[in-house]
Amino acid sequence: MADQAGMNEQALHAEIARLNKVVQALINRAESSANIDTSDFNLFQSTITLEDLVRRRTDELEAALRENEKITRALRESENHNRLLVENSPMCIHEIDMGGRIVSMNMAGLCMLGLKEECEIQGYLYLDSVSTADRERVAALLTQAYAGVSSHFEFKAAGPLGKIYKSCFVPINNKNGGVEKLMGITEDITERKRLEQQLVEREELFRAIFEQAPSAIELIDPETLRFVEANPAACRMLGYTHEEFLQLRLVDTQADLNEEALVTAVRQEGESGEMSLENRHRCKNGDILDVEINSRMLDLSGKRLLVGVWRDITEHKRAQQEIKLKNTILQTQQEVSPDAILVVDENAHIISYNQQFIDLWQLSPLLVSERLDAPVLQTVVEQVAEPEAFLARVQYLYEHRDDKSHEEIQLKDGRIFDRYSAPATGADGQYYGRVWYFRDITERKRAEEDLRIIAGVFDNSQEGIVITDANNVFLNVNPAFTQITGYTREEVIGKDPKMLSSGRQQDKTYYAKMWQALKQNRTWRGEIWNRRKSGEVFTELLSIAAICDDDGRVRRYVGVFSDISYLKAHEAELSQVAYYDALTGIPNRRLLADRMVQAIAQAQRSGRMLFVCYLDLDGFKQVNDRCGHEAGDQLLVEVSRRLQDALRAGDTVARLGGDEFVVLFNDLAGERECCQILDRILEIIALPIVIGSHEVAVSASIGVSFHTSANEDGDTLLRQADQAMYVVKQTGKSRYHLYDAKHD
Numbered sequence: 001m002a003d004q005a006g007m008n009e010q011a012l013h014a015e016i017a018r019l020n021k022v023v024q025a026l027i028n029r030a031e032s033s034a035n036i037d038t039s040d041f042n043l044f045q046s047t048i049t050l051e052d053l054v055r056r057r058t059d060e061l062e063a064a065l066r067e068n069e070k071i072t073r074a075l076r077e078s079e080n081h082n083r084l085l086v087e088n089s090p091m092c093i094h095e096i097d098m099g100g101r102i103v104s105m106n107m108a109g110l111c112m113l114g115l116k117e118e119c120e121i122q123g124y125l126y127l128d129s130v131s132t133a134d135r136e137r138v139a140a141l142l143t144q145a146y147a148g149v150s151s152h153f154e155f156k157a158a159g160p161l162g163k164i165y166k167s168c169f170v171p172i173n174n175k176n177g178g179v180e181k182l183m184g185i186t187e188d189i190t191e192r193k194r195l196e197q198q199l200v201e202r203e204e205l206f207r208a209i210f211e212q213a214p215s216a217i218e219l220i221d222p223e224t225l226r227f228v229e230a231n232p233a234a235c236r237m238l239g240y241t242h243e244e245f246l247q248l249r250l251v252d253t254q255a256d257l258n259e260e261a262l263v264t265a266v267r268q269e270g271e272s273g274e275m276s277l278e279n280r281h282r283c284k285n286g287d288i289l290d291v292e293i294n295s296r297m298l299d300l301s302g303k304r305l306l307v308g309v310w311r312d313i314t315e316h317k318r319a320q321q322e323i324k325l326k327n328t329i330l331q332t333q334q335e336v337s338p339d340a341i342l343v344v345d346e347n348a349h350i351i352s353y354n355q356q357f358i359d360l361w362q363l364s365p366l367l368v369s370e371r372l373d374a375p376v377l378q379t380v381v382e383q384v385a386e387p388e389a390f391l392a393r394v395q396y397l398y399e400h401r402d403d404k405s406h407e408e409i410q411l412k413d414g415r416i417f418d419r420y421s422a423p424a425t426g427a428d429g430q431y432y433g434r435v436w437y438f439r440d441i442t443e444r445k446r447a448e449e450d451l452r453i454i455a456g457v458f459d460n461s462q463e464g465i466v467i468t469d470a471n472n473v474f475l476n477v478n479p480a481f482t483q484i485t486g487y488t489r490e491e492v493i494g495k496d497p498k499m500l501s502s503g504r505q506q507d508k509t510y511y512a513k514m515w516q517a518l519k520q521n522r523t524w525r526g527e528i529w530n531r532r533k534s535g536e537v538f539t540e541l542l543s544i545a546a547i548c549d550d551d552g553r554v555r556r557y558v559g560v561f562s563d564i565s566y567l568k569a570h571e572a573e574l575s576q577v578a579y580y581d582a583l584t585g586i587p588n589r590r591l592l593a594d595r596m597v598q599a600i601a602q603a604q605r606s607g608r609m610l611f612v613c614y615l616d617l618d619g620f621k622q623v624n625d626r627c628g629h630e631a632g633d634q635l636l637v638e639v640s641r642r643l644q645d646a647l648r649a650g651d652t653v654a655r656l657g658g659d660e661f662v663v664l665f666n667d668l669a670g671e672r673e674c675c676q677i678l679d680r681i682l683e684i685i686a687l688p689i690v691i692g693s694h695e696v697a698v699s700a701s702i703g704v705s706f707h708t709s710a711n712e713d714g715d716t717l718l719r720q721a722d723q724a725m726y727v728v729k730q731t732g733k734s735r736y737h738l739y740d741a742k743h744d
């Protein structure tokens with residue numbers, strides 16, 4: 001606008017100059033004429049008139065020029081004011097060209113980008129300030145602004161700070177009406193978003209407290225006494241659905257208060273602001289609840305609401321009634337108590353006693369009944385092992401009336417009494433005397449000693465010991481348990497021993513049989529596989545005993561176990577030596593015999609065929625002689641591996657010795673299926689084998705027999721297969737031959 005004003009000022013100056021030139025030309029023309037005739041006079045007169053007009057026009061133009069200068073100054077001041085507003089605005093104000101580059105930006109925007117000078121933004125793409133996740137969306141919105149439509153959007157800024165900005169872009173048109181750039185305002189709304197999120201979280205928190213509070217919470221309109229809101233606890237305790245509850249009025253839930261009483265109570269609460277009382281509520285099903293209510297009148301956005309929080313104290317009230325009953329019962333307990341009870345007044349005179357006191361101290365009933373305090377005390381003292389100390393403590397308690405006292409008394413006859421004494425005071429705190437309790441704990445002390453011995457065994461045993469309740473939940477374990485399993489006592493208490501299960505027990509009825517034995521015999525002993533905390537499976541020898549009460553009901557189970565993994569490992573080593581070939585690791589002749597028996601039994605049950613294949617390597621001796629025994633051993637190991645890879649899961653390959661192997665094919669449909677497998681075996685055995693620097697090759701001669709009747713045993717089948725193998729050896733090797741009883 002200032003530039004336009006400058007242009008207008010230049011035009012005014014030019015117009016004044018042009019008019020001055022016209023006037024001067026006319027004057028010069030008039031003066032140059034010597035004779036003034038009528039036409040020249042007219043010209044002169046016109047000149048004078050024109051000069052007057054020009055002078056007035058000049059005055060007008062100069063006035064307009066002065067007004068224009070005034071407007072120009074105002075525009076410049078406004079422009080400076082606007083520039084200061086932009087430069088000092090707390091929001092980012094910027095312009096971007098049609099290529100998306102920032103062409104101008106105020107200081108707030110530079111700070112957002114972490115820049116100091118406006119020159120640093122030259123060539124800076126606006127989209128570089130947008131996070132990768134939002135960049136495509138923001139680019140689309142900018143395209144919308146380039147098309148002439150204002151665009152508003154929020155986005156996450158690029159960089160590690162995770163700032164959130166809100167931008168507004170409007171198109172700026174050129175003189176031809178086309179968009180030449182975008183003017184934008186960007187605001188950092190990170191803090192506002194954080195506060196909004198906090199507000200949402202706080203609302204969710206308050207809603208969760210309202211929904212999950214164990215106490216009932218109700219909002220009530222004090223004018224209509226209608227429920228405005230109620231939490232689930234209120235609905236649950238009174239037996240209504242939420243929708244039903246909001247149809248009720250306060251009077252509908254009251255067992256004792258009528259409408260008038262409620263209105264009075266609400267008015268009083270409005271005056272005092274809050275109220276606490278006990279009341280009775282009526283449930284939907286008619287049940288009556290004793291409740292404790294705390295309520296307060298609140299002003300929420302100009303609307304008054306009564307907020308009531310109450311809890312069900314029905315059980316509490318019932319407990320109070322029970323306490324009263326118990327106090328009555330306690331008055332009679334003195335006579336039925338197993339403890340010996342003696343009550344004396346403030347002067348240590350006998351007030352009351354029970355029969356147990358007479359029996360425990362072996363007193364004369366006449367002596368006690370006549371309240372002969374000194375003789376009674378003397379009789380008691382004479383039985384105590386340390387009479388002087390006992391008397392001193394008694395005297396101390398009579399002098400210190402407020403003290404309670406407990407001790408164990410050793411008697412001369414070996415008995416041990418538990419003695420407890422407390423002052424008898426009233427509700428007003430006045431001292432009325434002292435109560436003495438005595439109990440014979442001789443047997444208990446002996447039992448405690450036994451328990452200490454047992455505890456010593458429990459803690460120091462090298463075997464793991466576990467104690468569970470009748471529901472098989474861990475109650476206690478000893479240190480050896482932790483040493484064996486890796487679980488600490490704290491990790492297992494309250495849990496089921498199933499947490500140790502390894503899943504290795506093959507017999508699914510194993511544990512059922514164990515529990516049946518415990519039920520019938522109260523004991524069980526056996527081996528189980530468990531899992532240590534480290535995940536290692538181990539074998540334990542476990543003995544379990546059921547501990548029953550006098551009625552024969554199981555109260556506890558005690559298990560004692562030892563880790564026998566090393567024994568099982570040793571057994572496995574012995575089994576490996578006894579049943580597996582030491583060189584190849586496949587079954588030996590002994591295990592083959594056992595597998596043969598099982599295979600024959602299976603064939604008899606299923607009616608399917610069993611094939612016994614006797615395999616001898618062709619060319620093995622030459623490899624052994626040429627490459628050495630070690631190479632021969634490697635050859636046997638590789639052949640064993642290939643045979644195992646070629647067999648099915650239920651088949652067996654065994655080494656009898658040397659280069660002789662036996663293969664059992666179980667559960668085959670017939671000879672054709674057997675021959676297919678044998679063809680594959682011949683093929684894989686014939687493949688070259690690299691041993692060190694040698695490449696060797698062998699083949700196999702295979703004799704095959706098959707189970708045909710129940711009378712054929714394993715030795716017979718093996719002998720027949722051996723004979724069939726020799727037929728192959730004699731007729732060309734590297735093939736297989738099925739045993740023919742007529743010709744072989």
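Using UniProt numbering, read the sequence shown as starting at 1 and increasing by one per residue.
Where is the CB? At the ideal position from N, CA and C, for every residue including glycine.
Here the structure is a predicted model, which means the values were calculated and not measured.
{"Asked": "Contact belief for Phe611 with Cys674 at Cβ below 8 Å, rounded distance in angstroms", "Found": "5 Å"}
{"Asked": "From Lys495, Asp659, Ile313 and Leu367, residue whose alpha carbon lies closest to that of Gln472", "Found": "It should be noted that the sequence gives Asn, not Gln, for residue 472. Residue Lys495 is the option with its Cα nearest to Asn472."}
{"Asked": "Per-residue burial, Cys548 [other beta carbons within 10 Å of its own, 16 or more giving buried]", "Found": "exposed"}
{"Asked": "CB contact flag (Asp651, Val663, <8 Å)", "Found": "yes"}
{"Asked": "Rounded C-alpha distance that separates Val727 from Asp667", "Found": "26 Å"}
{"Asked": "Distance between Ile102 and His81 (C-alpha atoms, nearest Å)", "Found": "Bear in mind that a pLDDT of 49 at His81, under 50, signals an unreliable position, so the number given afterwards is only what the model happens to contain. Approximately 23 Å between the Cα atoms of the pair."}
{"Asked": "Terminal residues of the alpha helix (DSSP H) in which Val457 lies", "Found": "Thr442 to Asn460"}
{"Asked": "Integer-rounded CB distance, given that Arg642 should sit under 8 Å from Ile684", "Found": "5 Å"}
{"Asked": "Expected contact under 8 Å - CB spacing of Val698 and Val597 to nearest Å", "Found": "About 31 Å; that fails the 8 Å criterion."}
{"Asked": "Euclidean distance between Cα positions of Met105 and Met112", "Found": "10 Å"}
{"Asked": "Nearest candidate by alpha-carbon position, reference Cys283, set Arg525, Leu372, Ser405 and Thr314", "Found": "Thr314"}
{"Asked": "Top-ranked residue by Cα proximity to Leu277, from Asp287, Gly286 and Asn294", "Found": "Asn294"}
{"Asked": "Rounded straight-line distance, which links the Cα of Lys317 to that of Ile350", "Found": "38 Å"}
{"Asked": "Residue of Lys568, Ala208 and Gln383 minimising C-alpha distance to Leu360", "Found": "Gln383"}
{"Asked": "Whole-number beta carbon distance between Phe665 and Ala654, since they are thought to touch under 8 Å", "Found": "With 8 Å as the limit, Ala654 and Phe665 do not qualify as a contact, their Cβ atoms being about 13 Å apart."}
{"Asked": "Ordered list of alpha helix (DSSP H) runs contained in the UniProt domain \"GGDEF\" (608–741), each at least 4 residues", "Found": "620–627, 629–646, 671–685 and 714–730"}
{"Asked": "Cβ-Cβ distance between Asp345 and Tyr432 below 8 Å", "Found": "yes"}
{"Asked": "Contacting residues, own chain, Cβ-Cβ under 8 Å from Arg525 (five flanking each side not counted)", "Found": "Leu541, Leu542, Ser543 and Ile544"}
{"Asked": "Between the CA atoms of Arg236 and Gln268 - distance to the nearest angstrom", "Found": "29 Å"}
{"Asked": "Close beta carbons around Met183, own chain, < 6 Å, minus the five adjacent residues each side", "Found": "Glu95, Val170 and Ile172"}
{"Asked": "Pair within 8 Å by beta-carbon distance, Val690 and Leu635", "Found": "no"}
{"Asked": "Whole-Å CB distance - Lys404 paired with Ser421, under 8 Å assumed", "Found": "7 Å"}
{"Asked": "Buried or exposed by the 16-neighbour rule on C-beta atoms within 10 Å, applied to Leu238", "Found": "buried"}
{"Asked": "Alpha-carbon to alpha-carbon, Ala741 and Ala599", "Found": "21 Å"}
{"Asked": "Beta bridge counterpart(s) of residue 764 as assigned by DSSP", "Found": "Coverage of the chain is limited to positions 1 through 744, which leaves residue 764 absent and any answer about it impossible."}
{"Asked": "Three-state class that DSSP yields for Asp37 in the structure shown", "Found": "No answer about Asp37 holds up, because its pLDDT of 49 lies below 50 and its placement is not dependable."}
{"Asked": "Trp524, DSSP secondary structure in three states", "Found": "strand"}
{"Asked": "CA-to-CA distance, Tyr557 to Val550, given in whole angstroms", "Found": "Inspection of the sequence shows that residue 550 is occupied by Asp rather than by Val. When rounded, the distance between both Cα atoms is 15 Å."}
{"Asked": "8 Å Cβ cutoff met for Ile217 and Val291", "Found": "no"}
{"Asked": "N- and C-terminal bounds of the alpha helix (DSSP H) containing Gln197", "Found": "Thr190 to Gln212"}
{"Asked": "DSSP bridge partner residues for Phe561 (one or two, in chain order)", "Found": "Gly464 and Leu542"}
{"Asked": "contact_flag[the stretch 559–573, the stretch 530–540] where n(CB pairs < 8 Å) is 3 or more", "Found": "yes"}
{"Asked": "Contained beta strand (DSSP E) runs [length at least 3] in the stretch 104–165, N- to C-terminal order", "Found": "151–156"}
{"Asked": "Reduced DSSP secondary structure (H/G/I, E/B, other) of residue 746", "Found": "Any answer about residue 746 is impossible in this case: the structure gives the chain only from 1 up to 744."}
{"Asked": "Coarse secondary structure for Tyr392, derived from DSSP in three states", "Found": "Checking the sequence, you will find Ala at residue 392 rather than Tyr. Correct three-state label for Ala392: helix."}
{"Asked": "Span of the alpha helix (DSSP H), counted from its first residue to its last, around Leu592", "Found": "Arg589 to Ser606"}
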